[in-house]
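Worksheet: one structure, shown below.
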Amino acid sequence: MDVVTRVAPSPTGDPHVGTAYVSLFNWAWARRNGGRFILRIEDTDRARSKPEHETAILDALAWLGIAPDESPAVDGPVGPYRQSERREIYREHTDRLIASGHAYRCFCTPERLAELRAFQKAAKRPTGYDGTCRDVDPEESARRAETETHVVRLKVDKSGTTRFTDLLRGDIVIENENVDDQVLLKSDGMPTYHMANVVDDHLMGVTIIMRAEEWIPSVPKHVMLYEALGWEPPVFAHVPLLRNKDKSKISKRKNPTSILWYKDEGYLPEALVNFLALQGWSIKEDDEEFDVETFIERFDPKDISVGGPVFDLQKLDWLNGEKIRKLDTATLADRIVDGGFAGGWERDAIVRVLPLFQERMKRLPDFAEAARYLRERVEPDMDGLAKKVKKADPEALRGALTKAAAVLESMAGQPDEAREDALRALAEEFGLKVGNLFMGLRVAVTGATASPPLLPSVDELGAEESAARVRDLVERLVPAS
RNA sequence: GGCCCCAUCGUCUAGUCAGGUCUAGGACACCAGGUUUUCAUCCUGGCAACACGGGUUCGAAUCCCGUUGGGGUCACCA
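Residue numbering for the first sequence follows the numbering used here, starting at 143 and increasing by one per position.
Next up, the structure:
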């Protein structure tokens with residue numbers, strides 16, 4: 143049988159990392175099986191849904207390289223893919239349920255329901271609809287429906303139990319008396335999630351529902367709907383919820399949840415994908431850095447573990463550095479430029495100097511930050527230098543640096559080895575440790591005690607400018623008297 | 001609170017279904033050492049976990065029960 147997977151986000155905010163997480167699994171499973179991955183926009187909440195959010199979700203998934211095969215933007219055989227455009231379909235099906243006695247119209251006002259809920263809570267009783275409209279005579283119900291606003295509710299048979307199988311947890315059984323008469327059709331004619339979800343998943347031929355575990359409690363309602371409609375439910379696989387450090391469901395307050403944030407921070411999409419793949423799933427090999435093709439080859443939803451993974455950005459940073467190091471300089475330069483992290487650098491210039499920075503980068507903005515000294519004189523870190531050359535004779539250091547400046551100029555263009563030898567000799571001449579001389583040069587040229595290789599930096603800068611920086615440092619080294 | 005889900009190093013996890021090969025493996029982070037003119041990379045080593053209590057069994061991280069802990073959910077939001 144064909145595999146059809148789906149993700150069904152609601153366009154009510156920035157594209158969420160949880161959507162990316164669930165999409166990745168659904169996308170990969172469809173890819174592995176030569177199936178289809180559908181993105182359905184659940185915009186039945188008319189107040190909160192916004193077109194720009196829908197666009198952002200589509201763009202974010204495309205950026206991650208896990209774009210759906212069918213979506214509002216890519217038509218397919220089972221559209222439309224926006225629930226707001228499927229109103230008639232839901233209406234038809236709720237009518238069917240009313241006709242078959244599986245659902246009923248409810249005329250209770252929101253105010254009454256709020257009061258009911260408040261009362262139940264105060265009395266420490268389980269909350270839920272009290273069934274006032276359950277037994278309104280069908281004819282009377284139809285008549286009142288002409289003029290009165292109403293919703294349609296699922297008529298739950300409160301006896302017995304409902305059972306379903308979760309691919310990751312096995313059988314889950316719930317007493318029907320704990321299942322509420324869920325609203326299926328809202329008073330504005332839009333379906334609720336539960337109704338739309340079941341109808342769409344069936345009509346769209348979805349074979350496996352992989353979604354977050356927060357949905358488990360509502361599965362019995364869905365199962366009842368499948369049964370009432372005479373349909374076979376698909377396979378359910380509820381994946382763990384991504385967590386904050388305190389184990390609560392990942393939230394904006396405690397974690398970056400917008401996919402856009404990761405893009406803006408200079409994370410590579412392949413790093414985020416690799417990282418997300420490691421949440422709840424693991425590769426047998428020791429190397430946890432892998433490409434998406436490998437993931438597709440190995441991924442099977444039944445291997446997902448169910449403990450809620452705490453989001454750890456440190457691991458993402460590591461993965462991002464790994465991915466950056468794997469790119470060739472031309473590609474990395476493109477990523478830097480296209481991502482808007484060039485900081486005024488021309489693309490070709492980036493390609494030229496990138497070897498100095500690539501293995502030191504964790505994120506894309508690191509380049510412009512670390513390469514600043516190549517475009518402007520940065521304030522040398524005199525305190526840092528002082529700590530590093532504490533034991534060196536200041537007079538000797540100044541003398542050696544002054545001569546070193548001249549060496550840099552006179553030996554410009556010569557091989558690194560030759561220049562290094564000359565500088566080493568200089569250090570010896572002044573009775574300095576080689577490291578101390580180099581540290582002085584380093585701080586002079588790059589401004590910092592930790593930097594990319596010295597000589598290549600000098601070459602990029604030009605011998606004259608480098609020498610000038612060294613002489614400037616010598617000036618600063620004169621003790622205040 | 002009712003209902004439901006979950007429980008291995010600080011974090012992500014392997015092992016659990018088919019009990020012994022687990023004195024519990026890997027990765028990130030951290031610490032130490034090596035390489036390097038610094039940093040980074042790279043290499044080597046180290047620290048560190050089966051929530052607790054019963055039971056079943058010759059034998060339990062693995063099976064069962066309970067406790068504790070964590071999470072989710074109880075909307076005309078998804």
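All C-beta atoms, glycine included, are put in the ideal place defined by N, C-alpha and C.
Buried or exposed by the 16-neighbour rule on C-beta atoms within 10 Å, applied to G302: Of the residues assessed, G302 falls on the exposed side of the cut-off, its CB having fewer than 16 other CB atoms within 10 angstroms.
Since P594 contacts L498 with CB under 8 Å, what's their CB separation in whole angstroms? With a beta-carbon spacing of about 4 Å, P594 and L498 fall inside the 8 Å limit used to define contacts.
Going by DSSP in three states, E518 sits in which element: helix, strand or coil? In the structure shown, E518 falls within a coil segment according to DSSP collapsed to helix, strand and coil.
In chain order, which continuous runs of the alpha helix (DSSP H) of length 4 or greater are located wholly inside the segment 244-291? The segment 244-291 contains these whole alpha helix (DSSP H) runs: 252-264, 280-289.
7 Å Cβ shell around Y232 - same chain, five flanking residues per side excluded: Excluding sequence neighbours, Y232 sits near L327, P333, M337, A338, V341.
Give the list of continuous beta strand (DSSP E) stretches no shorter than 3 residues that lie fully inside the segment 307-345. Entirely contained in the segment 307-345, the beta strand (DSSP E) runs reaching 3 residues are, in chain order, 312-317, 325-327.
Taking the C-alpha atoms as reference points, what is the distance between G221 and P151? Computed Cα separation, rounded: 16 Å.
Bridge partners of M352, per DSSP? DSSP output for M352 lists A379 as bridge partner(s).
Between D601, K532, V620, which has its C-alpha nearest L579's C-alpha? When each option's Cα is compared against that of L579, the closest is K532.
If contacts are defined as beta-carbon pairs under 8 Å, then L615 and P507 qualify, I think. What distance do you get, rounded to the angstrom? Wrong, their Cβ atoms sit about 28 Å apart, outside the cutoff.
What are the boundary residues of the alpha helix (DSSP H) that I425 is part of? For I425, no alpha helix (DSSP H) encloses it, and the DSSP letter there is neither H nor E.
Would you give the residue range spanned by the beta strand (DSSP E) that L181 belongs to? Where L181 is concerned, the enclosing beta strand (DSSP E) stretches over 178-181.
Rounded distance between the beta-carbons of L550 and V612, thought under 8 Å: Approximately 7 Å separates the beta-carbon atoms of V612 and L550; this is inside 8 Å, confirming the contact.
Residues near R286 in its chain [Cβ-Cβ closer than 8 Å; skip 5 each side]: In its chain, beyond the 5 residues on either side, R247, F249, V278, H292 have a beta carbon closer than 8 Å to the beta carbon of R286.
Name the one or two DSSP bridge partners that S400 has. Its beta-bridge partners are H158.
Where does T186 land, buried or exposed, given buried means 16+ other C-beta within 10 angstroms? Looking at its Cβ environment, which holds 16 or more other Cβ atoms inside 10 Å, T186 is buried.
Under 8 Å by Cβ, that's how I've got A198 and P157 pegged, so tell me the actual separation to the nearest angstrom. 5 Å between Cβ atoms; contact.
Here's the rule: buried if 16 or more other CB atoms are within 10 angstroms of the residue's CB, otherwise exposed. What is P280? Burial call: exposed.
For P252, tell me which candidate among E196, G160, S329, V520 has the shortest Cα-Cα distance. Nearest of E196, G160, S329, V520 to P252, Cα basis: S329.
Check K93 in the structure and name its three-state DSSP category. Outside the displayed range of the chain (143 to 623) lies residue 93, so it cannot be described from this structure.
For A590, collect the residues of the same chain with a Cβ closer than 6 Å to its Cβ; drop the 5 residues on either side in sequence, then sort them by chain order. Excluding positions up to five away in sequence, the list reads D523.
Which term fits D343, buried or exposed, when burial requires 16 or more other beta carbons within 10 angstroms of its beta carbon? Buried, by the Cβ-count rule.
Going by C-alpha distance, which of A554, E571, V620 is nearest S599? When C-alpha distances from S599 are compared across A554, E571, V620, the shortest belongs to A554.
Thinking C-beta only, is H244 closer than 9 Å to K297? In this structure, K297 lies near H244, with their beta-carbon atoms less than 9 Å apart.
DSSP puts L296 in a beta bridge; with which residues? Bridge partners of L296: A245.
For S552, name the three-state secondary structure that DSSP assigns. Helix.
Compare the beta carbon distance of T543 and L583 with 9 Å and say whether it is the shorter of the two. Residue identity differs from the one stated: residue 543 is Leu in this sequence, not Thr. In this structure, L583 lies closer than 9 Å to L543 by Cβ.
C-alpha gap between Y409 and G312, whole angstroms: C-alpha separation (whole angstroms): 37 Å.
Under 8 Å by Cβ, that's how I've got F509 and L461 pegged, so tell me the actual separation to the nearest angstrom. So it is not a contact: roughly 18 Å between Cβ atoms.
Rounded distance between the beta-carbons of R148 and R182, thought under 8 Å: That belief holds up - the Cβ atoms of R182 and R148 are roughly 6 Å apart, short of 8 Å.
If you measure between the beta carbons of F483 and A170, is that distance less than 9 Å? Against a cut-off of 9 Å, the Cβ pair of A170 and F483 comes out as no contact.
Quick one: measure Cβ to Cβ for F441 and P375, integer angstroms, because I've assumed they're closer than 8 Å. Actually they do not touch by this definition, with Cβ atoms about 23 Å apart.
Do G450 and L384 count as a contact pair if the criterion is CB distance below 9 Å? It is a contact, given that the beta carbons lie within the stated cut-off.
Just reading off the alpha helix (DSSP H) that R584 is part of, what are its end residues? Its alpha helix (DSSP H) spans residues 576-588.
Can you round the beta-carbon distance between V145 and I350 to whole angstroms, since I take them to be within the 8 Å contact cut? About 7 Å; that satisfies the 8 Å criterion.
Classify V216 as helix, strand or coil using the three-state DSSP reduction. Here V216 sits in strand by DSSP.
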